[in-house]
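This report concerns only the one structure given below.
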Amino acid sequence: MHWKYESLSEDNEKPCLYLFFSCTHNRPVEFRRMRPSTFSLTRLLLFSSMFISIGSTSAMASAATPDTGSGAPRKHAATSKPATTAGKPTTKRKPSSKEPSTYLSSTSEQFEVTSRHLPHGAVVTIGQKLLSQAPAGTNPLKTLAQLPGIMFQSAEPQGIDIWSNQVFMHGFQQQQIGMTLDGMPLGEQTVRNYNGLNTIQAISSENVARIVVSQSAGAESVAATNNLGGSFDYVSRDPSHKLGGTINQGFGSYANFHTFARVDSGDLNRSGTRFYASYMRQDGQIWKGTGDQFMQQVNAKFLQPIGQSSSISAFFDWSDLHQFSTADASPEVLSNVGYNVSNYYNGRQSGLQQAINAANGIYPSSFSKLKDPADSAYYDAVLNTVDTFGGIKAHMQMTDNLTWDTTAYGHGESNQTTWTTPYYPSPNGSPLSELVKEPAIRRFGIISQAHYNIAHNEISGGVWYENNHYQSPMYAYEMPNIVNGQLTSALPNPLGHWSDPFAKIYNQTYNTNTFTAFVQDTYRVLPNLALHFGFKSVLATTNVGNGYINDDYYGSGANITSGVGLTTSKPFLPHISADWHFLKHHELFFDISENVHTYAQSGYKLSASPFAISQTAFDAGRNSFRPETDWTYAAGYRYSSQIIGASVYAYRTNFNNRLQQVTSGSAVNPVSTVSNVGGVTMNGVDAAITIMPVKHLSFTNSISYNHATYDDNLQEAGVSYHTRGKQIINYPRFMYKTRLSYDWQGLTAYVDASYTGKRNYSYTGDVKVPGYWLTNLGVQYNLGKLPYFQKSVSTVKDLTLNFSVTNLQNNRYIATMGENGNPLSISQGALEFQSMLVGAPRMFFGSISANF
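So that you can map any letter, position 425 of the sequence shown is 1516 in the numbering used here, and since no number is skipped, the others follow by simple counting.
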């Protein structure tokens, strides 16, 4: 592994720094571009890819799972057959338990499509069938990354490490993508989510029926104020009509165990009253260093039909998560020490002794070449969080043409995110102390929408209101010392609850009121041509107070933003689109929309929030703070037949007032500001093709190109940094994905490979991370499909065995970037700045599941 300078034609400017890794060996490999591995399987897949494009209508979008029927229808500061589409009117009909519908957006993002497989407009659906092929307990967002234009990064293969999770879609990061569960908002997907919770903490993956992906920003009805880059709408499974249950036991490398059990009541009476309750437990060790990653979760859902077409339902979630975080890395650590550097914690006194030695300037010998050895490893870093989330929904069929849906929801969260600092000693003489961020959330909201169909119009409108109370303090707790080889007190359990701090470091309390309203109409000019117009209004006010900052920690004269507020008011955010099905297999569509991102919130220096900075910085930048907005223009084409499914999706986004966290210095206590970096212009295209040459076999290839550059140079502390025309940070310009799958009777086998292009680590682009290949394979067999098994074991259905391998070639690569923010340039310490996470090595997973 080494650094190398190379002049880039795309920037046509000064050389940039590249970081290279050996793919399969420990010795360095020199090359000018990240080469595909020599592994023959990947080469075979790449060589076979004569057509490149997106929208796998069979392997991806067709994986939508039927519903069972509704009955009523940062740790530091800082398979089935493809559907065809005829040029005929798509008539609406009531879904049944035997022929379930998949809800896909055509133009209004609410049009019901009776076809189970074909995506419409700017929307694609991923179902439980595809989700279940991943290793047990895998984050559904990682499965979504099989779609073109979506990138998911994590330091471990299941995507359950909250600290390292990162998802992008068409250049927009997760904080700019709306997330909902059954319509209830999940807020921004950050580590310490200030207005919601992470998707894996909201619902167990086995309880997800499908995920509806809106690639455009124009989903007016979505309960989100951050969906600049689209939205992911999770839909939970309904309780079964029959008494039964599911058990899934998974296992894998690094002591990974995943257990899931669900019981369905079946219909309790003639009206169809039913419910389910499930328990999930995930446990395993981090692959680098020592530490447990544990999570347990309870889900429950109740459904009460009312008449033939109405219902009342309730969903409940409780999650308890305790995870050691994978150690961050910097370019200089990767170059001079290697990718296996971990934190000092090992569960024993010797680990604490190493951390104390480092705090006293005695570092491991491998750190001798580092400019910043003190920040290259710490004692520990842990995330502990408990969430309670749920809601009640009333779906009322008022008349044949009028429906009314209302959801009331609530959410509470307590959190302790910890890391051991060598810069703030404990009162007992230890050079270490445990810094614990303890954010808490209490939010309540209501969503109400009406839908009315008349003549050729599908009209809907609704409102959403939420109050969110968010508190963001940080405290310091005493760590044991070692005197004459003896501990002065017992080693604390990092996954336990910390109490009795000796110092308060900072505090802020936020209160946010959000109100949105929308109106939309889809007009069917012809049976196969639909036009859509709608708009959304947003009004959100955030006030921050109770500000406190510890001068002893931050230095004399430090201050923190408090006693101020900001309002986002956008009364008219339009959305226009059209969808045309012509001939027998063809579809054309376009989509134009404007959207806004309200001001974010977070702990001090932890995000691109205008509140998470000093009062001095807030006052200086207040006149330049504007809510982020964007205009997105998209057009696409799809072709779907029994043999080929192909699609092209092109888009242009004008992103204005982009707020970015700009950091310099140490990741521990950086010089951190939030800057309006001006506009970003994105031009991109996704293209895909799925070929089904013989029955049961499908071969998908897709390519994504995203030219997303800053419109202006970045001004910071009176210095101009050349960012104009530079590719945005953390997201590649090019991605390629391929998947070969075979599905026959009870057997499903697949192999997939993906290439992620180089990414900018620094804003000026003088530090880049090279592209890399990843290959995965899996085999799944349902014994329940065997006639002998069906006769001999009548009580068990769908006994399924699953085996998979991730990172088959055992490549070394950088996964997540920017978890602590991104540096400006090499001159501002980019090489020493710790904000990279190394991807996991090859791992093996297996599971056995059964339905009763």
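A virtual CB, placed ideally from N, CA and C, is assigned to each residue, including glycine.
Only a predicted model underlies this, so the values are computations on that prediction, with no experimental measurement involved.
- Distance from the CA atom of L1493 to the CA atom of G1552, rounded to whole angstroms, is 12 Å.
- If you check the CB distance, F1790 and L1831 come in under 7 Å.
- Here the segment 1236-1251 makes contact with the segment 1366-1384; the two share three or more CB pairs at distances below 8 Å.
- In this structure, DSSP gives L1493 an extended state, which the three-state scheme calls strand.
- Secondary structure note for K1233: its alpha helix (DSSP H) is the uninterrupted segment 1231-1235.
- Rounded to whole angstroms, P1513 and S1524 show a C-alpha spacing of 7 Å.
- Under DSSP, the beta-bridge partners assigned to H1623 are T1613, S1668.
- Of K1460, E1719, D1329, the smallest CA-CA separation from F1406 is found for D1329.
- Sequence-distant Cβ neighbours of T1866 in its own chain, meaning closer than 6 Å and more than five residues away, are T1133, A1844, L1899, Q1900.
- Residue pairing of P1396 in beta bridges, as defined by DSSP: S1402.
- Counting along the chain, the unbroken alpha helix (DSSP H) around I1291 starts and ends at 1290-1293.
- Contact annotation: E1569 and F1606 have beta-carbon atoms that are not nearer than 7 Å.
- In this chain, A1546 is not harboured by any beta strand (DSSP E), its DSSP state being neither H nor E.
- Rounded to the nearest whole angstrom, the C-alpha separation of P1226 and E1678 is 35 Å.
- The secondary-structure analysis by DSSP pairs G1775 across a beta bridge with Y1742, N1797.
- Bounds of the beta strand (DSSP E) holding L1272 are 1269-1272.
- Burial is judged here by how many other beta carbons sit within 10 angstroms of a residue's own beta carbon; F1663 has fewer than 16 and is exposed.
- No Cβ-Cβ contact shorter than 7 Å links I1268 with G1218.
- Note that the C-beta distance between H1623 and S1684 is not below 7 Å.
- Excluding the 5 residues flanking it on each side, D1889 has same chain C-beta neighbours closer than 6 Å at N1873, G1875, N1942, in chain order.
- Straight through space, the alpha carbons of G1278 and A1315 are spaced by roughly 7 Å.
- For K1220, the enclosing alpha helix (DSSP H) has its first and last residue at 1219-1223.
- Between P1422 and V1858 the beta-carbon gap is near 6 Å, inside 8 Å, which marks them as a contact.
- Spanning the alpha carbons of L1922 and S1404 requires a straight line of approximately 53 Å.
- As the crow flies, the alpha-carbon of G1274 is around 49 Å from that of S1580.
- Spatial neighbours of R1824 in its own chain (CB-CB distance under 7 Å, excluding positions within 5 residues in sequence) are listed in chain order as Y1796, N1797, H1798, Q1818, G1848.
- Looking only at S1918, P1932, S1895, Q1881, the smallest Cα-Cα distance to Y1904 is reached by P1932.
- A contact between stretches requires three or more CB pairs, one per stretch, nearer than 8 Å, and the segment 1478-1494 fails this requirement with the segment 1458-1467.
- Between L1582 and M1927, the alpha-carbon positions lie close to 29 Å from each other.
- Sorting L1578, A1711, I1651, T1800 by C-alpha distance to the C-alpha of A1808 places A1711 at the top.
- DSSP, reduced to helix, strand and coil, places V1313 outside both helices and strands of the structure shown, so it counts as coil.
- Contact annotation, L1674 with E1719: C-beta distance approximately 41 Å; criterion of less than 8 Å not satisfied.
- Counting only the Cα atoms, T1855 lies some 12 Å from Q1806.
- In the DSSP assignment, G1343 falls within the beta strand (DSSP E) that extends over 1335-1343.
- Under the three-state reduction of DSSP output, A1931 falls in the coil class, being neither helix nor strand.
- Q1306 counts as buried, since no fewer than 16 other beta carbons sit within 10 angstroms of its beta carbon.
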